[in-house]
Amino acid sequence: MVDLDTLFSLCKRRGFVFPSSEIYGGFGGFWDYGPLGVEMKRNIRDAWWREMVQMRDDVVGLDAAIIMNPRTWEASGHVKHFVDSLVECKVCRRRFREEDVQQLECPACGAALSQARLFNTMFKTFVGPVEEDTAVAYLRPETAQGIFVDFKNVLTTSRKKIPFGIAQVGKAFRNEITPGRFIFRSREFEAMEIEFFVRPGTDEEWFQYWVDVRTRWHLKYGVSPENLRVYEVPPEERAHYSKRTCDIQFQYPFGWGELEGVANRTDYDLTRHAQVSAEDLSYFDEETGQRFIPYVIEPAVGVERTFLAYLLNAYHEEPDKEGTRVVLKLHPAIAPYKVAVLPLSRKEALVQKAREVWALLRPHVMTTYDDSQSIGRRYRRQDEIGTPWCVTIDFETLSDQAVTIRDRDSMTQDRVPIDRLVGIVQQRLADSLR
Ligand code: GAP
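The sequence shown lines up with residues 1 to 434 when you count with the numbering used here.
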């Protein structure tokens, strides 16, 4: 598998990811997503939303505020439990998560480390004009709490019956002690979470169901089976709210690591919010005539973690006539551009025709256009950013009204009439989604 430095260099050079505030020396754990990165992130979100919300009749969406009433985080247990164990080097003063250091010596300079102390990783901010304690609020470290706090509102307005889920995609913030491994652990990231509410006693079954659904989703959109495994998280490593957690892990260049977590949060969160807010958050089951606090199964994954895993999985170097072809074999739905339009030369008539073809495609799929340098160089440029199809306009196009469509992975080329081009591209995209 490609190493992180090589991937980072491609991401920066081609406009996927930039260090945040780079002209000021960057800012640890924060990243910007360039013209290609923003498309790919949007595609990941869209693919998730399409299958987890749009295609299902038992999940509805929500977009809650990032900053919530601070009592939320008291009730949820995050003020008390959302902590990392931090150790500090007594000489160079670098800080590490205790679980990241092997012996109690500094990985940077070898000196002794301090005793571990707990560090809350929620970012604090102030709401209102006066910086006093009463106005302290938190940037949410997970989107889930917005879902729990809005449970009753969504239940009554959507008129859903249990089992059903609420999905949310949005920014989350964690003051990670050691952000790093490129975008693997960032301080600002985007979470895609479902809280799926079920009858107590059916939770084990639903847990397995969601592990399977989410594993299949990753296999479909961007991970090869040999790079994916399900890891049972031992009790001592689980979050404070979890009765059981399985991580869907990816094989990163630095070893197996979490891609997505599936947790059985039981009735912990709703019970806590009901206690602290004094609102009744129970559910009345018309079928059984019983009232209870639902159990919750939560599949939760980061957009950027998915982005990183899918890029790593897609990266290939293949020998070719000119040396090595770098190709990102991204799923067409995830690739930033679906089609690149390439006139064979910069001759006026070809450029004009190519622009007509480009205009035809643009309302339907994300496209790009390139007319600089040789056609071979341009194919390579598109391979390197994962564009699944290149459409070439040549001199014959002017007489036969047909273009060549080249497939990124097989490199086969088919001649197709321009008036069927949109339909063909749409068909290929639809086939990739089956
Ligand atoms: N609401 C459940 C929850 O927050 P989590 O396992 O802490 O669970 C869910 O996070 C997912 O969010 C992870 O599997 C990972 O994909 C992503 N994630 C968590 N922390 C992250 C970070 N610091 N940087 C990037 N992604 C992160």
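Where is the CB? At the ideal position from N, CA and C, for every residue including glycine.
Item, Value
"Could you pull out every residue in the same chain whose Cβ sits closer than 6 angstroms to the Cβ of tryptophan 389, ignoring the five residues on either side in sequence?", "Val339, Ile405"
"Answer with buried or exposed for glycine 165, where buried requires no fewer than 16 other C-beta atoms within 10 angstroms of its C-beta.", "buried"
"Where does the unbroken alpha helix (DSSP H) through cysteine 246 begin, and where does it stop?", "First-last for cysteine 246: 244 to 252, but that is the beta strand (DSSP E), not the alpha helix (DSSP H)."
"Would you mind working out which of Lys41, Val53, Ala75 sits nearest alanine 278, comparing C-alpha positions?", "Ala75"
"Below 8 angstroms on the Cβ atoms is my contact criterion, and I expect isoleucine 177 with tryptophan 31 to pass it. Report the Cβ-Cβ distance as a whole number of Å.", "With a Cβ gap of about 18 angstroms, isoleucine 177 and tryptophan 31 do not count as contacting."
"To the nearest angstrom, how far is the alpha carbon of glutamine 290 from that of threonine 266?", "18 angstroms"
"With a floor of 4 residues, list each alpha helix (DSSP H) that falls wholly inside the stretch 3 to 68, ordered by position along the chain.", "4 to 14, 35 to 49"
"With distance defined between alpha-carbon atoms, name the residue in Glu318, Val357, Tyr241 nearest to aspartate 394.", "Val357"
"Check serine 85 in the structure and name its three-state DSSP category.", "strand"
"Can you grab the Cα-Cα spacing for the pair valine 136 / phenylalanine 27, in whole Å?", "24 angstroms"
"Between methionine 192 and valine 169, how many whole angstroms is the CB-CB distance? I'm expecting something under 8 angstroms.", "5 angstroms"
"Do valine 127 and proline 163 count as a contact pair if the criterion is CB distance below 7 angstroms?", "no"
"Are the stretch 138 to 156 and the stretch 67 to 86 in contact at 8 angstroms, needing three or more beta carbon pairs?", "yes"
"Look at the Cβ atom of tryptophan 206, then the Cβ atom of isoleucine 297, and state whether they are nearer than 7 angstroms.", "yes"
"Using a threshold of 6 angstroms, is the CB atom of serine 20 nearer than that to any non-hydrogen atom of the ligand GAP?", "no"
"Should the stretch 248 to 258 be regarded as contacting the stretch 308 to 323, the criterion being three or more beta carbon pairs within less than 8 angstroms?", "yes"
"What residue range does the alpha helix (DSSP H) around lysine 160 cover?", "Where lysine 160 is concerned, there is no enclosing alpha helix (DSSP H), given that its DSSP letter is neither H nor E."
"Can you tell me which of Ser186, Pro70, Cys92 puts its alpha carbon nearest to the alpha carbon of valine 303?", "Ser186"
"Is alanine 191 near the ligand GAP, judged by its Cβ being under 6 angstroms from some heavy atom?", "yes"
"Are the beta-carbon atoms belonging to asparagine 120 and phenylalanine 82 less than 7 angstroms from one another?", "yes"
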